[in-house]
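Protein chains: 2
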Amino acid sequence: MAKFIDVHSGFVGATAEQLHEAHQRDLAIEESEAVHFEHAWLDPVSGKAFCLSSGPSKEAVLRVHEKAGHPTTEIYEVPVEVE
Amino acid sequence: MAKFIDVHSGFVGATAEQLHEAHQRDLAIEESEAVHFEHAWLDPVSGKAFCLSSGPSKEAVLRVHEKAGHPTTEIYEVPVEVE
Numbered sequence: 032m033a034k035f036i037d038v039h040s041g042f043v044g045a046t047a048e049q050l051h052e053a054h055q056r057d058l059a060i061e062e063s064e065a066v067h068f069e070h071a072w073l074d075p076v077s078g079k080a081f082c083l084s085s086g087p088s089k090e091a092v093l094r095v096h097e098k099a100g101h102p103t104t105e106i107y108e109v110p111v112e113v114e
Numbered sequence: 032m033a034k035f036i037d038v039h040s041g042f043v044g045a046t047a048e049q050l051h052e053a054h055q056r057d058l059a060i061e062e063s064e065a066v067h068f069e070h071a072w073l074d075p076v077s078g079k080a081f082c083l084s085s086g087p088s089k090e091a092v093l094r095v096h097e098k099a100g101h102p103t104t105e106i107y108e109v110p111v112e113v114e
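Residue numbers (the numbering used here), protein chains in the order written: chain F, 32 to 114; chain S, 32 to 114.
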């Protein structure tokens, strides 16, 4: 399964609870698109949020975010990673 | 320790080996700035690379990248995360 990082820019001032709720909405929908959101990080000052996911395509990942009410268009497939 | 995601935009066509080498150069320097690079992801098509790190400040993280030869200015503190 491919891995993706997508970037949201609208979470200025968002709280941990709001990120948790947004993430839960993704998790509730993701199965229908064979996507899994593994991790999300938020910078409430700039409003940027970064989501790490796996799935069949960029489009599938973006559809889950759209149905969950926090659409974005900025997404990258990340086939290479290091730890 | 604070957590950060920094973004590079110059890795178009980079290979897994090149990302590994760049990451190793960070790891070799990071201790001097009390920074730790935990994970990095690369999209060789767009050239974007995302680095997850912990450290005392954005500036410390950016200094390690600069000394390692792959400077960037795009960095976000990410105090909130979900899994």
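We treat Cβ as the ideally placed atom computed from N, Cα and C, and that holds for glycine.
Give me the subset of the stretch 62-96 of chain S whose CB atoms are less than 8 Å from a CB atom of chain F, sorted by chain position.
The stretch 62-96 of chain S vs chain F, Cβ under 8 Å: 69, 70, 71, 72, 73, 74, 75, 76, 77, 79, 81 and 83.
Going along the chain, which unbroken runs of the alpha helix (DSSP H) with 4 or more residues stay wholly within the stretch 42-68 of chain F?
With a minimum length of 4 residues, the continuous alpha helix (DSSP H) runs that stay inside the stretch 42-68 of chain F are 47-61.
Residue 101(F) by DSSP, collapsed to three states: which one?
If DSSP states are grouped into helix, strand and coil, residue 101(F) belongs with coil.
Among 108(S), 113(S) and 114(S), whose alpha-carbon lies nearest the alpha-carbon of residue 32(S)?
The shortest Cα separation from residue 32(S) among 108(S), 113(S) and 114(S) belongs to 108(S).
One or two residues paired with residue 112(S) in a DSSP bridge:
As computed with DSSP, residue 112(S) is found in a beta bridge with 72(F).
Any beta carbon from chain F within less than 8 Å of residue 60(S)'s own beta carbon?
Taking a beta-carbon distance threshold of 8 Å, residue 60(S) does not count as an interface residue toward chain F.
Quick check: is the beta carbon of residue 54(S) nearer than 8 Å to any beta carbon in chain F?
Judged by the 8 Å Cβ criterion, residue 54(S) is in contact with chain F.
State the start and end residues of the unbroken beta strand (DSSP E) segment that holds residue 86(S).
First-last of the beta strand (DSSP E) with residue 86(S): 79-86.
Please list, in chain order, the chain F residues whose beta carbon lies closer than 8 Å to that of residue 39(S).
Simply none; closest approach about 12 Å.
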